[in-house]
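Per my numbering, the very first residue in the sequence shown carries number 15; after that it's consecutive.
Don't be surprised by glycine CBs; every beta carbon is placed ideally from N, CA and C.
A quick write-up on the structure given underneath.
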Amino acid sequence: MQILVFVAALAVLLAAVPLIATPPTTRVASWLRARDPAVPESAVIASRAALQHINVTSGAVIVVLAIAWVISDVDFYLSIVGYAVAVIVGTATRLGGSEQRRASLTPANTSPGLWTRRVFRLSLGLASTTLVLSLAMLAVFTDRAGNTATYLTLMNPFELPDISTRSLIITASVSALLTLLAVAGWAVVGRRQSAAGTSPEIDGMIRALCFRRIALASVGAQAVLLGTLLPAVQITTLEVARLSSYSVNEDLAAVTSISGLALIVIGIAACAHAVLQPVWIQPKRTTRYWRTENSDAETTHPEVPLPAATGNSSH
């Protein structure tokens with residue numbers, strides 16, 4: 015299990031590199047021109063500057079949280095939540111635009127896409143589940159353990175955090191605070207001024223990128239919190255004997271721990287994905303072809319890439 019923790023820590027460190035570093039100009043240009051090949055060089059430079067400002071802010075938050083992590087000896091899994099916090103705070107930073115240009119934007123430029131909204135709602139659903147489950151398990155724990163609940167700790171053999179009244183309260187509190195931060199960041203991104211030096215279309219792409227980052231970072235962090243909380247379900251089978259000894263259903267503990275680890279892996283992947291795509295890792299674009307037949311020969315012509323829902327043209 016220590017290997018899994020090491021791999022998770024390595025994944026977070028690798029994901030922190032693109033979070034702090036500024037993407038190369040070529041990647042920014044490729045990202046922008048995938049939508050509009052006529053994007054001028056000045057807009058590419060302005061967009062890169064906006065992304066750099068976001069990353070610098072995220073980097074500053076990472077440094078502060080890392081110092082706090084070392085001083086307070088915070089659990090590793092909470093450090094992943096700190097990574098998500100850095101993503102959200104950096105994404106919601108001011109980009110140096112103007113109110114006049116912000117007023118000229120249309121709802122299409124300032125609203126998140128349908129997929130992004132669904133991911134954000136999923137994060138809110140995970141947060142609600144975490145909060146309810148934490149409070150429910152806290153009540154059951156207190157009821158079954160009685161006076162020993164305040165100092166009784168259930169050990170977890172899968173390298174997940176141990177279960178105690180303190181851990182349940184911390185998990186619920188962190189989940190609630192993260193939700194408030196994500197909602198605040200979501201509102202700021204929708205209402206802030208345009209990114210300096212960008213056109214409405216380019217600003218819309220940057221804004222959509224920020225919405226997407228907040229949604230994925232939030233859902234990833236909430237998945238990690240819920241993953242660390244799932245083993246607490248074994249509290250429902252807790253039996254406390256004399257001399258502060260206890261027993262739980264080991265099969266249930268194993269199933270919930272494995273499920274929790276799976277959720278944690280998904281959460282880490284979501285946080286990394288929030289930063290890596292679509293600038294650092296860009297989706298491949300394919301060119302489709304259509305064929306025409308005449309009396310002499312068959313000719314194949316390249317077709318302009320279309321959205322998957324529209325299909326190919328027929329001639």
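query, result
"Residue from Q207, L152, V203, A201 with nearest C-alpha to R180", "L152"
"Whole-Å CB distance - T105 paired with V203, under 8 Å assumed", "7 Å"
"Range covered by the alpha helix (DSSP H) that runs through E264", "264-290"
"Span separating the alpha-carbon of A209 from that of L145", "36 Å"
"DSSP state of E3 mapped onto helix, strand, coil", "Only positions 15 to 329 of the chain appear in this structure, which leaves residue 3 out of reach."
"Secondary structure of E253, DSSP reduced to three states", "strand"
"Local Cβ density within 10 Å of R47, reported as buried at 16 or more and exposed below that", "exposed"
"Best match in A288, V293, W294, I295 for proximity to T130 [C-alpha to C-alpha]", "A288"
"Run of the alpha helix (DSSP H) containing P214, from where it starts to where it stops", "214-243"
"Environment of T306 [buried if 16+ CB atoms lie within 10 Å]", "Confidence at T306 is low in this model, with a pLDDT of 44, below 50, so its placement is unreliable and the value that follows should be read with caution. Classification of T306: exposed, given that the 10 Å Cβ count is below 16."
"DSSP state of I295 mapped onto helix, strand, coil", "coil"
"Straight-line Cα distance separating I249 from L68", "First, the amino acid is wrong: residue 68 is Ile here, not Leu. Answer to the nearest angstrom: the Cα atoms are 42 Å apart."
"With 16 other Cβ atoms within 10 Å as the buried cut-off, status of A82", "exposed"
"Residue burial classification, D217 (beta-carbon count within 10 angstroms, cutoff 16)", "buried"
"Sequence-distant residues of its chain with Cβ nearer than 7 Å to D310 (five each side left out)", "Low local confidence applies: a pLDDT of 47 at D310 is under 50, so the model's placement there is unreliable, with the coordinate-based value given in what follows. Hits under 7 Å: none found."
"Whether T36 touches T71 by CB criterion (9 Å)", "no"
"Beta carbon of I11 nearer than 9 Å to that of G96", "Lying before the first or after the last residue shown, residue 11 is absent from the chain, which here runs from 15 to 329."
"Pick from C224, I278, T212 that is closest to W200, judged by C-alpha positions", "C224"
"N- and C-terminal bounds of the alpha helix (DSSP H) containing Y165", "Y165 -> no alpha helix (DSSP H), and no H or E assigned at all."
"Reduced DSSP category for S125 - H, G, I as helix; E, B as strand; rest coil", "coil"
"Residue closest to F172, alpha-carbon to alpha-carbon, out of Y165, L191, G241", "G241"
"Through-space distance from A229 to I196, alpha-carbon basis", "Here residue 196 is Ala; the residue named in the question, Ile, does not match the sequence. The straight-line gap from Cα to Cα measures roughly 8 Å."
"First and last residue of the uninterrupted alpha helix (DSSP H) at L194", "179-205"
"Neighbourhood of L243 by C-beta distance below 7 Å, restricted to the same chain and skipping five residues each side", "T144, L147, S148, T185"
"Proximity winner among M219, V279, V247, relative to Q236 (alpha-carbon distances)", "V279"
"Pairwise C-alpha distance: S56 and T167", "59 Å"
"Neighbourhood of M169 by C-beta, 7 Å cutoff - its chain only, sequence neighbours within 5 removed", "D176"
"S72 in three-state terms, based on DSSP", "helix"
"Buried/exposed call for V31, threshold 16 Cβ in 10 Å", "exposed"
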